[in-house]
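Student: Would you mind keeping the following structure in view while I ask a few things?
2 protein chains.
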Amino acid sequence: MATLRGSRIRHLVVFTLRHEDGTAEAEAFLAALRSLAAVEGVEELDVVRQVGSKNSYQLAVTMEFADRATYEAYNAHPDHVAFVRDRWAADVTDFMEIDLAELAPDGSVDA
Amino acid sequence: MATLRGSRIRHLVVFTLRHEDGTAEAEAFLAALRSLAAVEGVEELDVVRQVGSKNSYQLAVTMEFADRATYEAYNAHPDHVAFVRDRWAADVTDFMEIDLAELAPDGSVDA
Chain A
180 MATLRGSRIR HLVVFTLRHE DGTAEAEAFL AALRSLAAVE GVEELDVVRQ VGSKNSYQLA
240 VTMEFADRAT YEAYNAHPDH VAFVRDRWAA DVTDFMEIDL AELAPDGSVD A
Chain B
180 MATLRGSRIR HLVVFTLRHE DGTAEAEAFL AALRSLAAVE GVEELDVVRQ VGSKNSYQLA
240 VTMEFADRAT YEAYNAHPDH VAFVRDRWAA DVTDFMEIDL AELAPDGSVD A
């Protein structure tokens, strides 16, 4: 995983699906999720399993954006809005969002 | 961020420090955290800020391992055990661990 540099933001959502593993419904959801890679500004989209025992989430999606403005444009993009409304809200029972960015150049916590 | 392949595991811990941003205590903690990159098997260690508003964690550390056995060897390594005992337990007020791995080749949720 490349180090986060400059204004880049890595967006991570861990989540649990309503559907059983491997069902047609789960596969259709994952395909729709992966299709978000086509939205302008989305880079490095990856859908993965959450395999740790310290939390109960089942899956995760990660993606990167060049900067916050690109990330906000993705959030407002009609394809993303439709996905959240038509897929996410129906198929996801629990989730948590995490956004990561570079520390300040001196390594301090402040931006 | 490169796609997770094969047996690789990406380990992510989001956390909040007891210390104020930029203090000597916070900097010492971050330096000690970064020093875990020297432990055998640890790859791509990165200490970053958590900038999302959907959770309250302040920082994150990410790293990758070639496989689960390497990850477990890291967990048991004396330098990691000492870090958790001497630094993490004292300086971190809240945290959550996430471990990510590739989906099955057919994209299903099952490994």
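Here the protein sequences line up with chains A and B, keeping their order.
So the mapping is simple: the working numbering equals the position in the first sequence, first residue as 1, plus 179.
So the mapping is simple: the working numbering equals the position in the second sequence, first residue as 1, plus 179.
The beta carbon of each residue, even a glycine, is placed where N, CA and C say it ideally should be.
Keep in mind it's a predicted model, so treat the numbers as computed, not measured.
(1) Between the segment 200-213 of chain A and the segment 252-261 of chain A, do at least 3 Cβ pairs fall closer than 8 Å?
(2) Under a CB-based cut-off of 8 Å, is B/L212 close to chain A?
(3) Could you pull out every residue in the same chain whose Cβ sits closer than 7 Å to the Cβ of A/F262, ignoring the five residues on either side in sequence?
(4) Short of 7 Å Cβ to Cβ, which residues in the segment 193-223 of chain A face chain B?
(5) B/S232: which of A/L282, A/D278, A/T182 sits nearest, CA to CA?
(6) The alpha helix (DSSP H) that contains B/H259, what's its start and end?
(7) Please report whether the beta-carbon of B/D225 lies at a distance below 8 Å from any beta-carbon of chain A.
(8) What's the call for A/A205, buried or exposed, on a 16-neighbour Cβ count within 10 Å?
(9) Among A/E243, A/V192, A/L183, which has the Cα closest to the Cα of A/D273?
Tutor: Straight from the coordinates:
(1) Under the 8 Å Cβ criterion, the segment 200-213 of chain A does not count as touching the segment 252-261 of chain A, having fewer than three qualifying pairs.
(2) Interface criterion not met: the Cβ of B/L212 is under 8 Å from no Cβ in chain A.
(3) So the list reads A211, L215, once near-sequence residues are dropped.
(4) Those would be V193, D200, G201, A205, E206, L209, E223, in chain order.
(5) The shortest CA-to-CA distance from B/S232 to any of A/L282, A/D278, A/T182 is the one to A/D278.
(6) Residues 257-262.
(7) Judged by the 8 Å Cβ criterion, B/D225 is in contact with chain A.
(8) Buried, by the Cβ-count rule.
(9) The shortest C-alpha separation from A/D273 is found at A/V192.
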